[in-house]
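Chains as they are written, first to last, in this note's numbering: chain A, 1 to 341; chain B, 342 to 753.
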């Protein structure tokens with residue numbers, strides 16, 4: 001099993017520090033989502049991985065060896081700033097790029113035909129790139145990243161500017177590449193998409209990785225939170241569970257109360273207390289979505305440096321976050337069976 | 342799961358990984374995309390037409406004298422046809438000899454204007470019939486031929502061999518000692534010098550600007566980032582320079598070929614005065630040197646900016662460096678081959694490719710001067726390439742405002 005390791009990368013542009021000490025690793029066959037606010041260091045990291053930029057410190061390894069020119073030629077790369085020769089025909093351009101990556105001519109032509117077919121731009125092969133719509137240019141750009149049959153995929157914002165159909169095509173291609181054993185690293189601001197598509201996620205902030213791991217792993221941070229839908233929350237919220245040991249109410253609205261566990265299994269006590277008060281419609285584990293995790297991670301920076309940003313960010317996390325969560329957690333089924341047991 | 346796939350990848354057709362194949366691919370793309378572009382085809386066609394047209398105009402201007410003169414010969418003087426044609430040609434007039442049946446027919450043809458003159462009588466006692474008066478050149482030629490015939494007759498009468506005497510006369514010529522050689526430059530040499538100067542300047546300038554625009558095109562369209570993810574910056578730079586250089590070379594070869602062809606076909610250049618082959622050979626050598634020097638310099642400079650609009654200003658120092666010696670070269674060198682300023686700048690790298698070929702075409706350049714000038718220029722090329730490659734590598738991925746050379750070198 002090959003491993004792509006990004007180890008303590010550091011980079012500054014003059015007095016601006018772009019990367020402090022960024023580390024993460026991607027196994028072959030894994031899709032790694034790279035999220036972070038604009039200017040956090042995603043693009044810099046990817047450019048260093050491609051050797052387009054040299055780091056001030058740290059290194060990128062593949063199979064335990066520092067990545068070199070030969071390995072880099074085997075990477076499929078989609079830069080943040082899209083770039084193709086505007087006046088070159090789609091087909092010629094893809095063949096040229098494949099050959100620059102070392103493919104013999106016949107293989108390059110075959111790969112160009114296969115990928116333009118897969119990505120739905122086959123009938124535009126004879127057109128100049130500049131004559132294509134932005135969406136189609138994006139598809140050609142992805143084809144350019146895939147046309148040399150890469151061993152590693154590094155895609156900077158591959159989903160930006162795509163219509164829903166193209167997003168599906170792109171997701172399908174990434175999954176298929178991963179199932180071939182290719183490690184896929186991509187950055188995106190579309191966190192729902194990252195959550196659905198990725199095996200693992202890294203959140204970068206101010207040039208340093210603040211969280212990295214499997215999605216479920218990341219969502220299980222802190223004390224476990226549960227929500228119960230039954231007795232009126234009351235004021236203060238969850239006053240009705242005051243007698244249950246190991247459960248601390250956090251917030252409540254209507255008939256829904258969110259509480260944190262300080263002792264394992266205490267949710268059963270909460271369920272009993274709730275049932276004693278009336279019917280219970282739901283008892284479920286609450287896991288933060290990637291969006292919430294992301295906001296929490298980024299909020300830390302905002303509080304320190306940006307006073308105006310803080311109010312907006314934390315405000316949305318606290319209120320809309322929780323109620324939105326219960327629907328999307330997907331754990332409802334298991335927990336209700338837990339409740340009936 | 343990746344193991345079996347990677348093993349199949351390894352056994353697939355071998356991938357070419359050498360720098361040379363990357364350079365060849367980049368150069369090939371440049372050549373294809375330029376040579377097939379309308380702009381290039383039109384520019385080349387215009388240059389070729391200009392050279393051919395210029396040759397034709399020059400021919401009309403220089404050969405404004407009368408056209409070939411038809412001269413009739415009666416049977417008694419047929420043997421004088423060839424000597425007259427040869428003598429007239431040496432004097433600069435073409436004579437077309439025509440055999441005439443008898444004097445009456447010939448006189449009629451002269452009256453009708455079909456013949457400029459009718460030669461009759463006997464070789465030693467020539468009679469020339471003309472309509473009104475005899476063309477002075479033709480008169481001189483006829484006198485000379487007549488004298489020759491009289492001389493031959495006397496030599497024969499004295500028991501000598503007229504052919505021997507003719508040979509002795511032909512090889513007898515004064516030895517000329519010039520006290521200040523080179524001061525007299527003929528029109529063909531001046532024209533050759535001007536043509537070489539203009540051609541080499543235009544070629545280097547056009548190719549250099551193509552390079553600069555090409556570098557910025559890749560930077561502006563951001564395609565350079567995916568290119569540099571697969572090949573090294575110097576491979577891209579060298580491929581681009583070689584590709585566009587080849588395109589420029591094809592252009593200069595077509596134009597030089599058209600020029601030489603026109604000159605040869607119209608007889609504009611006397612081969613004894615000017616060696617077309619040597620001039621063309623030096624033109625090629627200096628084009629290659631000048632092109633390499635300026636192409637790398639301009640590529641390095643152009644990589645500092647991100648928009649086509651800024652290319653002109655960033656390469657201005659180099660275009661000035663081309664224009665000044667060019668103007669000096671074509672305005673002084675052909676007329677004053679000994680000029681001190683021209684001599685000195687013809688040794689200086691960056692200037693010499695624009696000046697030395699003009700001096701060589703005009704003539705009067707010592708071999709050591711060419712050697713010195715070539716040597717210095719060739720020595721400078723690696724320095725320019727090294728510096729340009731460093732700047733290019735440091736700057737080509739940094740888009741935005743114009744970069745400073747100092748910052749780029751510090752960051753590279």
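Every residue, glycine too, gets a C-beta built ideally from N, C-alpha and C.
- Taken atom to atom, the span from the alpha-carbon of residue 634(B) to that of residue 726(B) is near 8 Å.
- Cβ proximity to chain B below 9 Å picks out 13, 14, 28 and 29 from the segment 13 to 41 of chain A.
- Sequence-distant partners of residue 591(B) (beyond 5 residues in either direction) whose C-beta falls short of 6 Å from its own C-beta are missing from its chain.
- Listed along chain A are 96, each with a C-beta nearer than 7 Å to that of residue 370(B).
- Apart from sequence neighbours up to five positions away, the residues of its chain that approach residue 182(A) with a beta-carbon distance below 6 Å are 153, ordered along the chain.
- When the Cα atoms are used, residue 643(B) and residue 579(B) turn out to be separated by approximately 15 Å.
- Look at the segment 502 to 580 of chain B and you find these whole runs of alpha helix (DSSP H), each 4 residues long or longer: 503 to 512, 528 to 561 and 564 to 569.
- With contacts defined by Cβ atoms closer than 7 Å, residue 588(B) and residue 375(B) form a contacting pair.
- A straight line joining the alpha-carbon of residue 286(A) with that of residue 184(A) spans about 29 Å.
- Counting C-beta pairs with one atom in each stretch, the segment 700 to 718 of chain B and the segment 568 to 585 of chain B have fewer than three that are closer than 8 Å, which means they do not touch.
- By the neighbour-count definition (other C-beta atoms within 10 Å, threshold 16), residue 88(A) is a buried residue.
- Residue 83(A) belongs to the set of residues whose beta carbon lies under 7 Å from a beta carbon in chain B.
- At a cut-off of 7 Å between beta carbons, residue 746(B) makes no contact with chain A.
- With a beta-carbon spacing of about 19 Å, residue 528(B) and residue 624(B) fall beyond the 8 Å limit used to define contacts.
- The Cβ-Cβ distance between residue 549(B) and residue 639(B) falls below 7 Å.
- At least one C-beta of chain B is nearer than 7 Å to the C-beta of residue 52(A).
- Close to residue 585(B), with beta-carbon spacing below 9 Å, lies no residue of chain A; the smallest spacing is near 15 Å.
- Per the C-alpha coordinates, the member of 593(B), 368(B) and 566(B) positioned closest to residue 392(B) is 593(B).
- Contacts between residue 572(B) and chain A, judged by CB atoms closer than 7 Å, involve 100 in chain order.
- The C-beta distance from residue 570(B) to residue 155(A) rounds to 12 Å, too long to meet the 8 Å contact threshold.
- Just measuring C-alpha positions, the residue of 143(A), 235(A) and 29(A) sitting nearest residue 79(A) is 143(A).
- Listed as beta-bridge partners of residue 269(A) by DSSP are no residues whatsoever.
- Listed in chain order, the beta strand (DSSP E) runs fully inside the segment 363 to 388 of chain B amount to none, counting runs of at least 3 residues.
- Contact check for residue 413(B) and residue 460(B): beta-carbon distance about 7 Å, within the 8 Å limit, so the pair qualifies.
- The C-beta of residue 107(A) has 16 or more other C-beta atoms within 10 Å across all chains shown, which makes the residue buried.
- Excluding its 5 nearest sequence neighbours in each direction, residue 210(A) has C-beta neighbours in its own chain below 6 Å: 203 and 297, listed in chain order.
- Counting only runs of at least 4 residues, the segment 55 to 142 of chain A fully encloses the following alpha helix (DSSP H) elements, listed from N- to C-terminal order: 69 to 72, 90 to 100 and 105 to 118.
- Between residue 294(A) and chain B, the shortest Cβ-Cβ separation is not below 7 Å.
- In the displayed model, residue 745(B) falls within coil according to three-state DSSP, outside both helix and strand.
- The beta-carbon separation of residue 649(B) and residue 554(B), rounded to 6 Å, stays under the 8 Å limit for a contact.
- Selection 151(A), 120(A) and 41(A) evaluated against residue 138(A) yields 120(A) as nearest (Cα-Cα).
- The alpha-carbon of residue 498(B) is positioned some 10 Å away from that of residue 491(B).
- For a Cβ distance threshold of 8 Å, residue set 83, 84 and 85 of chain A lies close to residue 564(B), ordered along the chain.
- For residue 684(B), the closest of 380(B), 696(B), 381(B) and 691(B) by C-alpha to C-alpha distance is 696(B).
- Using a CB distance cut-off of 7 Å, residue 569(B) counts as an interface residue toward chain A.
- Beta-bridge pairing by DSSP links residue 186(A) to 33(A) and 155(A).
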